[in-house]
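A.B. asks: Okay, here's the structure, questions in a sec.
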Amino acid sequence: MDRTLRFRQLLTSRLFQVAGAAAFATPAGVALSCGGNVVVDPVDGAGGAGSVTSTTSLTTAITTGVTTSVGPTVSVTTTTTSSGGDPTYACFPWLGDAECPSGGNALSYVSQFDCAAPHYAFTTAVLDGPFPELDQCCYVVQQDICGVGRPFLVNGAPMAATARGRAEGGGAGSWSAGGLSPEVEGLDAEEREILARAWAQDGLLEHASVAAFARFALELLAAGAPAALVEAAHRAALDEVRHARLCLSMAATYRGGPVEPGPLPCGGSVSIGPDLAAFAADTAREGCVGETVAAILAAEQLSRATDPAVRKALFGIAEDEARHAELAFRAVAWALRVGGDDVRAAVAEVFDQAARDGVKAGGVNEDPRGVLESHGRLTVGAAREAAARALHEVVLPSARALLA
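Here is the structure:
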């Protein structure tokens, strides 16, 4: 049964409304902002700004129920879990007398474990190896985080804080205390740890998204964007604070102790440039693609979850992420309206690349009892299927309408 079909249809309808407003907009005047020449609407930025709220609740369209989806059992060893882009050490099982795969051949083996718990990373390149270790083949690889939604990027790599068991400079559990508490009775120790890791990972990525939206708001200001878009960006950042606290509070319940984000690695500075084409491309990639997929994944999680606390959290997250996707499409629509051919070409390339490469989405390796699913976690297979539907049924059709 396709539980999120109605959710996807309603979200597509909302995104098509944004695209339609962009298609019939007409260019406006020019203003100077933050040292760069950009084109803006001197009145209200119609044709992509407007109101960013909607009276149509998407999450009410999701049916309930549980199915069990069992994925393959795999193992991967890695030395880092907190941020993408850095070289790391990955291993996969290798039995028999044959030599470990080398070079590009190894990538296909390592990639079998992309986006699997507990690390939720995918391999982009094999840098060195093989290094045989007992019954494993190991390599130095380049990995990125399998998170969806709006990442916080530093020099092109997604960054996130590391988790720790106490809060610095305040009361214990300042991020993970006082939120929702799922039911843990009946879960064994391994299931609780898997759930704690998964919800903590989500919480850390939501925590990083707060910074991503803060930078997005600055970029909108630098581009001379309408007030409605800037206001919506700040509201979205507050949404991400709430999401992070919800996810971390549930991780704390499963783990039985605080789960707090450490300092967010910002690379020393946050650069804001005046290039409208680059801004539009980044927004298309991180928002139009990432936030749309995030909304549909949250809806898929909600449709399978049965725990009341988990369902309450996912209900709000799915609706918020859908609104963030609309915001991204509105921002890109505005940039297309006031920009030139270079903006359109940059945005088109982002969607073309998404169509070619697909979207990486993480999940648990297997769930034979269906317990993890009832607590809001998808298997790798279910997550990949949901992400593919999001891309091909919602993102790309909406992108074609936007660029028409």
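Going letter by letter, the sequence shown gives residues -30 to -1, 1 to 374 in mature numbering (1 follows the signal peptide of the UniProt record, and there is no 0).
Note that the Cβ used here is the ideal one computed from N, Cα and C, for glycine as well.
1. Using DSSP's beta-bridge definition, name the partner residues of Gln(-14).
2. Residues bridged to Phe62 by DSSP?
3. Checking the sheet assignment: what are the DSSP bridge partners for Glu230?
4. Assign Thr47 to one of three DSSP states: helix, strand, or coil.
5. Quick check on the DSSP output: the alpha helix (DSSP H) that includes Ala(-30) runs from which residue to which?
6. If contact is defined by three or more beta carbon pairs under 8 Å, each pair taking one atom from either stretch, is the region 228 to 237 in contact with the region 331 to 349?
7. One question on the structure: do Gly257 and Leu175 come within less than 8 Å of each other, judged by their Cβ atoms?
8. Looking at the unbroken alpha helix (DSSP H) that takes in Leu284, where does it start and where does it end?
9. Can you give me the C-alpha to C-alpha distance between Gly149 and Pro244, rounded to a whole angstrom?
10. Let me check one thing: in DSSP terms, what residues is residue 385 bridge-paired to?
11. Helix or strand or just coil, what does DSSP make of Asp98?
12. Going by alpha carbons, who is nearest to Ala68 out of Thr132, Leu104, Ala275 and Ala214?
13. Which whole-angstrom value is the C-beta distance of Ala360 and Thr253, which I expect to be below 8 Å?
14. Using DSSP bridges, identify the partner residues of Asp57.
15. How is Gly333 classed by DSSP in three states: helix, strand or coil?
16. In or out: Glu270 buried (at least 16 other Cβ within 10 Å) or exposed?
17. Between which two residues does the alpha helix (DSSP H) containing Ser344 stretch?
18. My guess is that Ala275 and Gly332 are in contact by the Cβ rule of under 8 Å, so how many angstroms apart are they, rounded?
19. Name the residue from Phe321, Leu97, Ser146 and Val80 whose alpha carbon lies nearest to the alpha carbon of Cys107.
20. Give me the Cα-Cα distance between Arg134 and Ala127, rounded to the nearest whole angstrom.
21. Between which two residues does the alpha helix (DSSP H) containing Trp169 stretch?
22. Between which two residues does the alpha helix (DSSP H) containing Thr262 stretch?
23. Just to confirm my understanding: we take Ser72, look at its own chain, exclude 5 residues before and 5 after, and list those with CB closer than 7 Å. What are they?
24. With DSSP as the reference, identify every bridge partner of Thr349, one or two as the case may be.
25. Distance check for Leu216 and Ala283, CA to CA, integer angstroms please.
26. With distances taken Cα to Cα, identify the nearest neighbour of Leu65 among Ala265, Leu246 and Pro102.
27. Whose C-alpha, out of Glu201, Leu306, Arg(-28) and Val329, is nearest the C-alpha of Leu372?
28. With C-beta atoms as the reference, is Arg(-23) less than 8 Å away from Val364?
29. For Ile242 versus Leu199, is the C-beta spacing smaller than 8 Å?
30. So, Ala214 versus His177, is the Cβ gap smaller than 8 Å?
31. Could you compute how far the alpha carbon of Leu(-16) sits from the alpha carbon of Ala265?
32. Could you tell me how far apart the beta carbons of Arg225 and Ala166 are, in whole angstroms, since I believe they sit closer than 8 Å?
33. I think Leu246 touches Ser146, with their Cβ atoms under 8 Å apart; what is that distance to the nearest whole Å?
C.D. replies: In short, the structure shows the following:
1. DSSP lists no bridge partner for Gln(-14).
2. Answer is Cys107.
3. According to DSSP, which records beta bridges pairwise, Glu230 is partnered with Arg134.
4. Low per-residue confidence applies at Thr47: pLDDT is 36, beneath 50, and the placement is therefore not dependable, though the value from the model is reported in the following sentence. Strand.
5. The sequence shown places Met at residue -30, not Ala. No residue range can be given for Met(-30), since it is assigned to no alpha helix (DSSP H) and is classified by DSSP as neither H nor E.
6. Touching, no.
7. Not closer than 8 Å, so no.
8. Here the alpha helix (DSSP H) through Leu284 covers Pro278 to Val308.
9. Straight-line Cα distance between these residues: approximately 39 Å.
10. Here the chain has residues from -30 to 374 only, and residue 385 is not among them.
11. Asp98 falls in the strand class under three-state DSSP.
12. The candidate whose alpha carbon is nearest that of Ala68 is Leu104.
13. Rounded, the Cβ-Cβ distance is 17 Å, inconsistent with contact.
14. First, the residue type needs correcting, since residue 57 is Pro and not Asp in the sequence shown. Per DSSP, Gln112.
15. Here Gly333 carries a strand assignment [DSSP, helix/strand/coil].
16. Label assigned to Glu270: buried.
17. Following the DSSP letters along the chain, one finds Ser344 inside the alpha helix (DSSP H) bounded by residues Val341 to Ser344.
18. Going by Cβ atoms, the distance from Ala275 to Gly332 rounds to 17 Å, so no, they are not a contact pair.
19. Of Phe321, Leu97, Ser146 and Val80, the residue nearest in Cα terms is Val80.
20. One C-alpha to the other measures close to 22 Å.
21. Its alpha helix (DSSP H) spans residues Ala159 to Ala192.
22. Start and end: Gly260 to Arg274.
23. Around Ser72: Pro100.
24. The beta-bridge partner set that DSSP reports for Thr349 consists of Val334.
25. Looking at the two C-alpha atoms, the distance is approximately 7 Å.
26. It is Pro102 whose Cα lies nearest to the Cα of Leu65.
27. Minimum Cα distance to Leu372 is reached at Leu306.
28. For Arg(-23) and Val364, yes; Cβs fall inside 8 Å.
29. Cβ atoms of Ile242 and Leu199: not closer than 8 Å.
30. Yes, they are a contact pair.
31. A straight-line Cα-Cα distance of about 13 Å links Leu(-16) and Ala265.
32. Sure, about 4 Å apart at Cβ, within 8 Å.
33. In this structure, Leu246 and Ser146 do not form a Cβ contact; the two beta carbons are roughly 39 Å apart against a cut-off of 8 Å.
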